[in-house]
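Report on one structure; see the data block that follows.
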Amino acid sequence: MHTTQHGLQQIAQTRQIAQQLIQQTQQGTQQYRMMMQQEQQNVQMLEQILRREKQAVQYIQQSIHNHDVAIQRCQEVVNMCNQMQQELTTNNAFYGNQSGMHQPLYNQNQNQFQQSHYGGHSTFQQ
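Using our numbering, count along the sequence shown one by one with no gaps and you end on 126.
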């Protein structure tokens, strides 16, 4: 009888330990679930940040492209100015050798530009 009672005590003690382990494991599982939810929220926030960063990269790329186009157009204007200056210098040398009465071609073009683009008002400054 003594061994039966001892066996029953062992069984009760083992059951109690197993129930405690179940309870502790369930608590651990609950903590893991909370951690998982937090990590999922973190992932969502990071994905949102990543989307915004990708949009920023696209905006910056578009801005760089626009700047490149602006630089190219300005360079075209510089090239045209250089060409016009060379033509005017050549023409001024040619007209300057003929007579002092002729108005330089540059000044003629300037007056035509003023009259056609500014209604005859002289607003262009050399």
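Beta carbons: idealized from backbone N, C-alpha and C, even for Gly.
By Cβ distance, which residues of its chain are closer than 6 Å to residue i, with the 5 residues on each side in sequence left out?
i, result
"Gln72", "none"
"His102", "Summary for His102: the model assigns pLDDT 47, below 50, so the residue's position carries little reliability; its value from the coordinates is reported in the next sentence. Cβ within range, chain order: Tyr95."
Counting only the same chain and skipping the five closest in sequence on each side, list residues whose C-beta sits under 7 Å from that of residue i.
i, result
"Pro104", "Model confidence at Pro104 stands at a pLDDT of 49, short of 50, so the residue's coordinates are unreliable; what they give is reported in the following sentence. Here the set comprises Asn92, Tyr95."
"Gln61", "none"
Which residues in the same chain have their Cβ closer than 8 Å to the Cβ of residue i, if we skip the five residues on either side of it in sequence?
i, result
"Ala18", "none"
"His6", "none"
Within 9 Å (strictly less), CB to CB, does residue i reach chain B?
i, result
"Thr89", "No chain B appears in this structure, which consists of one protein chain only."
Would you list, in sequence order, the uninterrupted beta strand (DSSP E) runs of no fewer than 3 residues that lie entirely inside the region 11-75? none
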